[in-house]
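As they're listed, the protein sequences go chains D and F.
Here my numbering is used: the first residue of the first sequence is 34, the next is one more, and so on.
Here my numbering is used: the first residue of the second sequence is 34, the next is one more, and so on.
All C-beta atoms, glycine included, are put in the ideal place defined by N, C-alpha and C.
Quick caveat: nothing in here was measured; it's all calculated off a predicted structure.
What follows is a single structure, written as structure tokens, with notes after it.
Protein chains: 2
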Amino acid sequence: MRAASDAQTIQRSSISAQAESYLRGMILEGTLSPGDRLNEVALAEAIGISRGPLREAIKRLSGQGYLTMEAHRGAYVRSYSPREIVDLYELRSALELFAIRLAVERASTADLEALNEQLKAEKARIRAHAAGEHSEPYVAELDFHQQLVALGANAAINEQLQDANHKLFLALRSTSRSERRREQSAADHAVILERVMARDVDGSVSLLTGHLMDSMSNSLSVLGLEQSPETPSERTQHERKL
Amino acid sequence: MRAASDAQTIQRSSISAQAESYLRGMILEGTLSPGDRLNEVALAEAIGISRGPLREAIKRLSGQGYLTMEAHRGAYVRSYSPREIVDLYELRSALELFAIRLAVERASTADLEALNEQLKAEKARIRAHAAGEHSEPYVAELDFHQQLVALGANAAINEQLQDANHKLFLALRSTSRSERRREQSAADHAVILERVMARDVDGSVSLLTGHLMDSMSNSLSVLGLEQSPETPSERTQHERKL
DNA sequence: ATACTGTCAACTGTTGACAGTTCACTCCCG
DNA sequence: CGGGAGTGAACTGTCAACAGTTGACAGTAT
Chain D
34 MRAASDAQTI QRSSISAQAE SYLRGMILEG TLSPGDRLNE VALAEAIGIS RGPLREAIKR
94 LSGQGYLTME AHRGAYVRSY SPREIVDLYE LRSALELFAI RLAVERASTA DLEALNEQLK
154 AEKARIRAHA AGEHSEPYVA ELDFHQQLVA LGANAAINEQ LQDANHKLFL ALRSTSRSER
214 RREQSAADHA VILERVMARD VDGSVSLLTG HLMDSMSNSL SVLGLEQSPE TPSERTQHER
274 KL
Chain F
34 MRAASDAQTI QRSSISAQAE SYLRGMILEG TLSPGDRLNE VALAEAIGIS RGPLREAIKR
94 LSGQGYLTME AHRGAYVRSY SPREIVDLYE LRSALELFAI RLAVERASTA DLEALNEQLK
154 AEKARIRAHA AGEHSEPYVA ELDFHQQLVA LGANAAINEQ LQDANHKLFL ALRSTSRSER
214 RREQSAADHA VILERVMARD VDGSVSLLTG HLMDSMSNSL SVLGLEQSPE TPSERTQHER
274 KL
């Protein structure tokens, strides 16, 4: 743990708020992995605060779903079962497919063009990173989805989507994505955005549907899971029809 | 406040967990209204616990979005602007419209029939309650949506939907619904369920879309708001097309 | 050797006291 | 008589000590 020094440097706002973002950072960046148990005294000492504010931060994060708590046994970094991962993908689909309709309706042309520029820049960056091997590109890809949905101008949906994306990111951190996949993904984005700029609701929705499906099935296969733990044929069939 | 006596009686699990469900109860049942400030010492004393666990409960509820916190000024019961209410309605639509597709795919005929029976019973109850004036029927209506979505068998979506419904319930508590509306709503439910039982995806989706739109526009007009605070024509147009 | 029971260390849950901030009220000055 | 700085009560933020629970380990009986 890099702990204390960093926390000291922040030194602003309430200690419990600091602890919260510090902990969230540790979780999101992988210092704390799913399933890990949080030892209060050790953590508090490492951060350089007392247990009170730390406990409050833990409670808040558990309210947000990043931690689970067992009575008298402490807090654990939440881990996700294959089923829960599929559920999260579906949740994400529900939000994005609705949001893209809103975006087609509401987004200003200027905003869309700005996003388009950004997309081009990212494409170039991916090529440049040919063997660079950062995990950034995945974050960048999430960014596209996030920003596209943001153009739907619905704060509640944005918030939920960001939450779902964070959790998926956690659940899938271990899986690395192939160069090939990344380029495909970027290409998909471009086509989707093109349809949105043309204000084509049905086209946008169907392209995004396909993109989300690909993304899910790819992640699941990398994890060594079949598409659908329960009812393979039905589930696939459903996704196709959507 | 009825406070201490009740809390004493519970006496199980951790005090902070007690405090949490106690507080959530007060919020959901209206003892605490949106905008109210929570005084820690007074609340703690009323419940009969010390401030530590109470603060933890507050932090957890704020993580779940029921409370907002201002530094050195305490916790407030979250209140919703008209815009946020519209956003919540859209979030709910996004979740339900996706979930009903899942339900059409996955729900067992037996489960659907059970829900159908329940619906009939409720219809009868609404008639019986002619001038009974309970707020229950609204809860019952939420129940239908909740259960229908539950048949989609996606825990993440269920959870988010329940959350959205709770928040809408809070935001709209003051508005009372006419007898006429309630019967219309129950009738809608019956038709929707009928389409689901026929495994008709498109029919279910379009009926549910209409039902959700009606529900939203009705609530907003009761609140004295126009459908869309921002761009009336566009927004309405969008909803129609959906 | 195995199963059961009692003990102990480690950790979480809770409390009351202390420190710092905010807000409202008062008092003074223009 | 109105407005602004000063003061104090009330409240939130933080801490360190205390109490209760859990799980593991060792010791004993079968």
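Does the Cβ-Cβ distance between Leu240 of chain D and Val229 of chain D come in under 7 Å? One-based indexing of the first sequence puts residue 240 of chain D at position 207. One-based indexing of the first sequence puts residue 229 of chain D at position 196. At a Cβ-Cβ threshold of 7 Å, Leu240 of chain D and Val229 of chain D do not count as neighbours.
Could you give the residue range of the beta strand (DSSP E) that holds Ala231 of chain F? Taking the first residue of the second sequence as position 1, residue 231 of chain F is located at position 198. Run containing Ala231 of chain F: none; DSSP gives neither H nor E here.
For Tyr113 of chain D and Glu73 of chain F, I'd like the C-alpha separation in whole angstroms. Taking the first sequence and counting its residues from 1, the one referred to as residue 113 of chain D is at position 80. Taking the second sequence and counting its residues from 1, the one referred to as residue 73 of chain F is at position 40. A straight-line Cα-Cα distance of about 35 Å links Tyr113 of chain D and Glu73 of chain F.
Measure the Cβ-Cβ separation of Leu87 of chain F and Ala52 of chain F and say whether it is below 7 Å. Taking the first residue of the second sequence as 1, we reach residue 87 of chain F at position 54. Taking the first residue of the second sequence as 1, we reach residue 52 of chain F at position 19. The answer is yes: Cβ separation under 7 Å.
Through-space distance from Glu103 of chain F to Asn187 of chain F, alpha-carbon basis: Counted from its first residue, the second sequence places residue 187 of chain F at position 154. Counted from its first residue, the second sequence places residue 103 of chain F at position 70. CA-CA distance, Asn187 of chain F to Glu103 of chain F, rounds to 35 Å.
Can you tell me the Cα-Cα spacing of Ile190 of chain D and Ser248 of chain D, whole angstroms? Along the first sequence, read from residue 1 onward, the residue named residue 190 of chain D stands at position 157. Along the first sequence, read from residue 1 onward, the residue named residue 248 of chain D stands at position 215. Their backbone Cα atoms lie some 20 Å apart in a straight line.
Counting only runs that start and end within the segment 75 to 130 of chain D, where is the alpha helix (DSSP H) found for 4 or more residues in a row? As far as the segment 75 to 130 of chain D is concerned, its whole alpha helix (DSSP H) runs of at least 4 residues are 84 to 96.
Scan the segment 87 to 112 of chain D for residues whose Cβ lies nearer than 7 Å to a Cβ of chain F and list them as they occur along the chain. Of all residues in the segment 87 to 112 of chain D, Arg88, Glu89, Lys92, Arg93, Leu94, Ser95, Gly96, Gln97 and Ala104 have a Cβ within less than 7 Å of some Cβ in chain F.
Hey, does Glu73 of chain F have any beta-carbon neighbour from chain D nearer than 7 Å? To locate residue 73 of chain F, count along the second sequence from 1; it is residue 40. The C-beta of Glu73 of chain F comes no closer than 7 Å to any C-beta of chain D.
Using a Cβ-Cβ cut-off of 7 Å, state whether Asn187 of chain F counts as contacting chain D. One-based indexing of the second sequence puts residue 187 of chain F at position 154. Yes, contact with chain D.
Where the segment 126 to 138 of chain F meets chain D: residues whose CB sits under 8 Å from a CB there: Close to chain D, meaning a Cβ-Cβ distance shorter than 8 Å, are the following residues of the segment 126 to 138 of chain F: Ser126, Ala127, Leu128, Leu130, Phe131, Ala132, Arg134, Leu135 and Glu138.
So, do the segment 131 to 148 of chain D and the segment 118 to 135 of chain F have three or more beta carbon pairs nearer to each other than 8 Å? Cβ pair count under 8 Å is three or more, so yes.
Would you mind telling me which residues of chain D sit closer than 9 Å to Asp221 of chain F, beta carbon to beta carbon, in chain order? Walking along the second sequence from the start, residue 221 of chain F turns up at place 188. Residues of chain D passing the Cβ test: none, with the nearest at roughly 20 Å.
Rounded C-alpha distance that separates Asp221 of chain F from Gln193 of chain F: Against the second sequence, residue 221 of chain F aligns to sequence position 188. Against the second sequence, residue 193 of chain F aligns to sequence position 160. Annotation: Asp221 of chain F to Gln193 of chain F spans about 23 Å, alpha carbon to alpha carbon.
Cut-off 6 Å between Cβ atoms - residues of its own chain near Ser168 of chain F, not counting five sequence neighbours on either side: As a working mapping, residue 168 of chain F is identified with position 135 in the second sequence. No answer about Ser168 of chain F holds up, because its pLDDT of 49 lies below 50 and its placement is not dependable.
Which same chain residues, not among the five before or five after Arg111 of chain F, have their C-beta less than 7 Å away from its C-beta? Here residue 111 of chain F corresponds to residue number 78 of the second sequence, with the count starting at 1. These residues qualify, in order along the chain: Pro67, Gly98, Tyr99, Leu100 and Thr101.
Hey, would you say Ile60 of chain F sits closer than 7 Å to Ile82 of chain F, going by beta carbons? In the second sequence, residue 60 of chain F corresponds to position 27, counting from 1. In the second sequence, residue 82 of chain F corresponds to position 49, counting from 1. Cβ atoms of Ile60 of chain F and Ile82 of chain F: not closer than 7 Å.
As assigned by DSSP and simplified to three states, the class of Leu65 of chain F: Taking the second sequence and counting its residues from 1, one reaches residue 65 of chain F at position 32. Under the three-state reduction of DSSP, Leu65 of chain F is assigned to coil, being neither helix nor strand.
Beta-carbon proximity of Leu121 of chain F to Ala183 of chain F, cut-off 7 Å: Here residue 121 of chain F refers to the residue found at position 88 of the second sequence. Here residue 183 of chain F refers to the residue found at position 150 of the second sequence. No, they are not a contact pair.
Are the CB atoms of Arg70 of chain D and Gly107 of chain D nearer to each other than 7 Å? By one-based count along the first sequence, residue 70 of chain D stands at place 37. By one-based count along the first sequence, residue 107 of chain D stands at place 74. Cβ atoms of Arg70 of chain D and Gly107 of chain D: closer than 7 Å.
Could you check which residue in F:Glu155, F:Arg139 and F:Ala90 has the C-alpha nearest to that of Ser54 of chain F? Counting from one through the second sequence, the residue named residue 54 of chain F turns up at place 21. Measuring from the Cα of Ser54 of chain F, the nearest candidate turns out to be F:Ala90.
Is Glu70 of chain F helix, strand or coil when you go by DSSP? What you label residue 70 of chain F is simply residue 37 of the second sequence in a count that begins at 1. One point to set straight first is that residue 70 of chain F is Arg, not Glu, in the sequence displayed. Reduced to three states, the DSSP call for Arg70 of chain F is strand.
Which chain F residues sit within Cβ distance under 8 Å of Ile190 of chain D? Reading the first sequence from its first residue, position 157 is the one you call residue 190 of chain D. Residues of chain F passing the Cβ test: Asp120, Glu123, Leu124 and Ala127.
What do you get for Lys92 of chain D, buried or exposed, if any count of 16 or more other CB atoms within 10 angstroms of its CB means buried? As a first step, residue 92 of chain D must be located in the first sequence, where it is residue number 59. Classification of Lys92 of chain D: buried, given that the 10 Å Cβ count is 16 or more.
So, Gln180 of chain F versus Leu205 of chain F, is the Cβ gap smaller than 7 Å? Numbered from its first residue, the second sequence carries residue 180 of chain F at position 147. Numbered from its first residue, the second sequence carries residue 205 of chain F at position 172. The Cβ atoms of Gln180 of chain F and Leu205 of chain F lie no closer than 7 Å to each other.
DSSP three-state call for Ser211 of chain F: helix, strand or coil? For this step, residue 211 of chain F is matched to residue 178 along the second sequence. Secondary structure at Ser211 of chain F: coil, using DSSP grouped into helix, strand and coil.
Can you name, in chain order, every residue of its own chain whose Cβ lies under 8 Å from the Cβ of Glu117 of chain F, other than the five neighbours on each side? In the second sequence, the residue the question calls residue 117 of chain F occupies position 84. Cβ within range, chain order: Ala204.
Once DSSP output is grouped into helix, strand and coil, what is the label at Gly243 of chain F? Walking along the second sequence from the start, residue 243 of chain F turns up at place 210. DSSP places Gly243 of chain F in helix when its eight states are reduced to three.
Buried or exposed: where does Lys200 of chain D fall if 16 or more other Cβ atoms within 10 Å of its Cβ makes it buried? Here the question's residue 200 of chain D lines up with position 167 in the first sequence. Lys200 of chain D should be labelled buried.
For Gln217 of chain D and Gln151 of chain D, what's the separation of their Cα atoms in angstroms? To locate residue 217 of chain D, count along the first sequence from 1; it is residue 184. To locate residue 151 of chain D, count along the first sequence from 1; it is residue 118. About 17 Å.
On the DSSP letters alone, give me the boundaries of the alpha helix (DSSP H) that Leu205 of chain F sits inside. Taking the second sequence and counting its residues from 1, the one referred to as residue 205 of chain F is at position 172. That run of the alpha helix (DSSP H) goes Ala188 to Leu205.
Is DSSP giving Ala140 of chain D helix, strand or coil here? In the first sequence, counting from the first residue as 1, residue 140 of chain D sits at position 107. Reduced to three states, the DSSP call for Ala140 of chain D is coil.
Would Leu124 of chain D and Gly185 of chain D qualify as a contact pair, given that the criterion is a beta-carbon distance under 7 Å? Along the first sequence, one-based indexing puts residue 124 of chain D at 91. Along the first sequence, one-based indexing puts residue 185 of chain D at 152. No, Cβ-Cβ distance for Leu124 of chain D and Gly185 of chain D is not below 7 Å.
Looking only at C-alpha atoms, which of F:Thr208, F:Ala231 and F:Ser209 sits nearest to Arg139 of chain F? Position 106 of the second sequence, counted from the first residue, corresponds to residue 139 of chain F. Looking at the Cα atoms, F:Ala231 is the closest of the given residues.
Neighbourhood of Val238 of chain D by C-beta, 8 Å cutoff - its chain only, sequence neighbours within 5 removed: Counting from 1 along the first sequence, the entry for residue 238 of chain D is found at position 205. Cβ within range, chain order: Leu130, Ile133 and Arg134.
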